């Protein structure tokens, strides 16, 4: 079983996920006024997963 993967498209999706993460960090700071370790670790783990999901959506919309 092969998972769909296109490196060029994943790179684009990764930057979209990074921008969403930065917006998320700004919102966390505006709402709670501080960052916790869980916020940082959660974003580090969530960005690649979100990037792959965006990548798959872009692949399906491309076809």
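In this note's numbering, the protein residues as written are 1078 to 1140. Cβ coordinates follow ideal geometry from the N, Cα and C atoms, glycine included. From a predicted model like this one, the values you see are computed outputs, not experimental measurements.
The Cβ atoms of residue 1094 and residue 1127 lie closer than 8 Å to each other. Looking only at 1123, 1115, 1085, 1087, the smallest Cα-Cα distance to residue 1098 is reached by 1123.
Assigned with DSSP and collapsed to three states, residue 1137 falls in helix.
Going by beta carbons, residue 1116 and residue 1105 fall inside the 8 Å limit. For residue 1088, the uninterrupted alpha helix (DSSP H) segment begins and ends at 1084-1109.
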